[in-house]
Amino acid sequence: MLFHRGKIRNVNSIFQILKNSIDINQNRFNSDSAYNKGIDFTKLQTEYSSDVIEFLKTPQRVLSELEEFVRPEHYQAFSKFPNRALPVRKIQPTSIPYTSIKSLSNIISDKKMKRAFELVLNNYNDGKFLTDLEFLSLFVQFSPFNWYAHKLLQLYQERINFKSCKKKVLMLMLKVCASNLDYKLFDEIFQLCLQKGYIIPDEILISAIQVYMKTENVQLATQLFNQHVLSSLIIPPRVLDVYISNLYNQTKNVSMCMDAYRLWLSKSSETNIAIDSFMYNLIVEHERAEDIAWMESSLRMRNRLDRFPIKFGSLCNELSKKITAYEKFIHSESMHVLEGVAKFEGNEALLIDNLTYLHLRHRKYKDAITSFQRIEDESKFRSIVYSVLRHFEKEEKPDKIFQVLINLKNEAKLDIHWQYILIYWRCALKRYPYLASKIHMNFIKQLKQLKYHRYSFLSKLLRTNPYPNNNQSFDTRDFPVLNFGKLDYGLDTLPAAPKLKNIESRMIQGILPNRELIRKSIKFTEDRKEFDRLLEISNLMDPKASNIRLNVDIFYKESFFGNVQSVLEFVIKEKRKIRKNGIVSDKDLCELFKMCYKCDLYEEAGEILSMFKEFNVVIVGDQQMMKFISVYVKWCWRNKKFQDLVLIMEWIKVQNQFVVDSFFLTNLKTAAVKFVGEIDKEISLITLDVDKLEELEHIRDKVIPSIIGYYDSVLEELKEKHNVVHHNVINETRIAFAELMKWVDEDTELMFEGEW
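Note that this note's numbering has the sequence shown beginning at 1045, numbered continuously upward.
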């Protein structure tokens, strides 16, 4: 119940009051629970909520196609791919007898790997150690099972003198460390190899680039890449692919990517056309005229400018942004021509990969599964699997991720990869941040039950951090974090609210801040000089000022420092940008609507709501949906849109599209209490307008008690309903993690010819 002036507001019916106070004449809704409260939705007319619900709810077509997409029989087509990722692994032979630990040689001869490692571990704990020669021999024997080799290496790393190891063994150690994401030990051994002046093989260089990029040592990764390019006669194109993809993912620095690309071509080294396409699209996206001219000249000289991957890459970039352009093109004659070109050039797999991505991007799941089933190339098949999983992660649908994975396991006999587990874990935490600690705890429990220690590194890699929250009355909310291991080279971990010095220290390394980082920094700074510098960085990152959420934070901070720009002028300017670009995100529209609510821009708020439909904007994810609905409900209260308020509350109550949390429910309760206080204040300020005074007193004395009685009962229902849902979520994720770990163990048993 809501409390106001010390008394509980408990009213049986709101219908009669609404009927006497507003014009009711529309059949919009039907709810038995609503009738029990005396609200006849067959007669309730709304101004906004009907349209709002239309862009909030998932269309029936999408729901039907989504259920079709995850049906098991659709995945039987992929059983044609041989399971090449699971070769039978054999213990390496050795001539070294293991005399330091009794029975070890016999257990190794019997090919009992797990028992062999457990015997070594137990003896180590009892103070009985392998000699250096025995350790190196056992490590090499374990190397096909890199997780056991890594555990052995971890166990003995304080006892082994790495300087005495031969190059071949050190390279094997680096490979094992990289596979198990042990970046600290990798760094220690790799630095030793550099000191010894060893020539680094391409495979190890690729691992080093990935390690140092992920741990933000961009300068070392760049130095390694540059030296390798300048000193090597022949380098596989994959080195460039890995370097540029990791560089851009970590830094978003287009200039550094172009420098690497130019250096590579200056040595007349071959490139994969995929990286040509990526770089061309990147500079076109950032409107770098000089680079575009240079790139087109280079592609023309290499007879690649008119190749399918280049042309279709640019087209995909545009089609992914605008659903109208996508729908117009996908069934056009131009599409048929493009398919012919792809077939002629032998790029059908690339076409299918990109089409599947486009269909998923626009939630055309029927077309997506059809194009997915056309794939004949195994490497592209695995690429599309990853795209499908990442799509459902962005949509915050962990249940669909799990269904797809189980289908691939049962029907296609796909082998599991640790990144699949990571995607499911991260998606579950993003969708349910208020349940994150419990979900993560269940994950760790299941991980510890792995029989063969494979993927045990995930317990250190996957972490949760709490959201910054000053209100202790709300649930603890956590977000997923990947902890790649801190290497000591001068960069501290970014805090939740980063300062300018954190950003600039990374910019020296070439790591440009993303927009969310800039937003947080601008939002929390109270220093004018720091704000001006952040503004410079913002203009560098977004010269067209296209990010509305960032622009809103800049506007508020400028107002804090004395800028008197009109809010209305700002909103009008942002709307013009949207219409000029022809595209806008759900988060940007939600932010503009929130601004209109805060500043009482009623007409502008209504227009922002209409823009959701105009630009086919879909609100994605439970968290974003709750943020929008919270603001919309507050807006309905403030503008006395009681019909709209009742309809949106009834929709929230009966739908199962998203799961609410106590933070959301508390927000809605607070909105009602705040409105009652605002009405009292508004009445106290009226002195001459008798009609207005009577209207407000009628609302306060007749309408509000009825509305709040209904409103409070809905909140109680939501609380009870979602307590049950939360329990189910915890149980479902626990079962999913158990199934995924079972899959890991089953795959592991297939990888070895002997007895575990």
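Note that CB positions come from ideal geometry on N, CA and C, so glycine has one too.
- When DSSP reads this structure, ARG1507 sits in a beta bridge with VAL1525.
- The alpha carbon of VAL1675 has as its nearest neighbour, out of GLN1699, PHE1659, LEU1633, the alpha carbon of LEU1633.
- A distance of 8 Å or more separates the beta carbons of PHE1416 and LEU1382.
- Less than 8 Å divides the Cβ of VAL1096 from the Cβ of LEU1653.
- Between GLY1529 and THR1295, the C-beta spacing is not below 8 Å.
- Taken in chain order, the whole alpha helix (DSSP H) runs of length 4 or more contained in the region 1610-1649 are 1611-1625, 1630-1642.
- CA-CA distance, GLN1668 to MET1585, rounds to 24 Å.
- Per DSSP, the continuous alpha helix (DSSP H) segment holding HIS1403 begins and ends at 1392-1405.
- Around the beta carbon of HIS1435, a 10 Å sphere encloses 16 or more other beta carbons of the protein chains shown; the residue is thus reported as buried.
- TYR1511 and ASP1522 have their C-alpha atoms spaced approximately 6 Å apart.
- Less than 8 Å separates the beta-carbon of TYR1227 from that of THR1259.
- A Cβ-Cβ contact shorter than 8 Å links LEU1740 with ILE1723.
- Under the 8 Å Cβ criterion, the region 1110-1128 counts as touching the region 1449-1458, having at least three qualifying pairs.
- Around the C-beta of HIS1380, fewer than 16 other C-beta atoms lie within 10 Å, and the residue is accordingly described as exposed.
- The C-alpha of GLU1618 lies about 7 Å from the C-alpha of ILE1592.
- Sequence-distant Cβ neighbours of LEU1759 in its own chain, meaning closer than 7 Å and more than five residues away, are LEU1709, LEU1712, LYS1713.
- If you keep only unbroken beta strand (DSSP E) runs of at least 3 residues inside the region 1685-1723, you get nothing at all.
- Pairing ILE1140 with GLU1178 gives a Cβ-Cβ distance under 8 Å.
- Fewer than three Cβ pairs drawn from the region 1202-1214 and the region 1496-1506 lie within less than 8 Å of each other, which leaves the two stretches out of contact.
- The beta carbons of ASN1293 and PRO1353 sit no closer together than 8 Å.
- For THR1143, there is no enclosing alpha helix (DSSP H), as DSSP marks it with neither H nor E.
- Per DSSP, reduced to three states, the secondary structure at PHE1436 is helical.
- In the three-state reduction of the DSSP assignment, CYS1237 falls in the helix class, which pools H, G and I.
- Residue burial annotation: ASP1571 is exposed, with fewer than 16 other C-beta atoms found within 10 angstroms of its C-beta.
- In the structure shown, the three-state DSSP call for LEU1343 is helix.
- CA-CA distance, ILE1581 to ILE1327, rounds to 19 Å.
- The Cβ atoms of MET1339 and LEU1291 lie no closer than 8 Å to each other.
- Of the other Cβ atoms in all chains shown, 16 or more fall within 10 Å of the Cβ of GLN1490; this residue is therefore buried.
- Per DSSP, the unbroken alpha helix (DSSP H) holding VAL1213 starts and ends at 1211-1223.
- In the three-state reduction of the DSSP assignment, GLU1314 falls in the coil class, being assigned neither a helical nor a strand state.
- Secondary structure note for GLU1602: its alpha helix (DSSP H) is the uninterrupted segment 1592-1604.
- Fewer than three beta-carbon pairs drawn from the region 1743-1753 and the region 1452-1471 are found closer than 8 Å, and the two stretches are therefore not classed as touching.
- When DSSP states are grouped into helix, strand and coil, ASN1270 belongs to the helix group.
- In this structure PHE1707 does not touch TYR1476 by the C-beta definition: roughly 12 Å separates them, more than the 8 Å allowed.
- In the three-state DSSP reduction, GLN1668 falls in the helix class (H, G or I).
- With fewer than 16 other Cβ atoms inside 10 Å of its own Cβ, PHE1604 counts as exposed.
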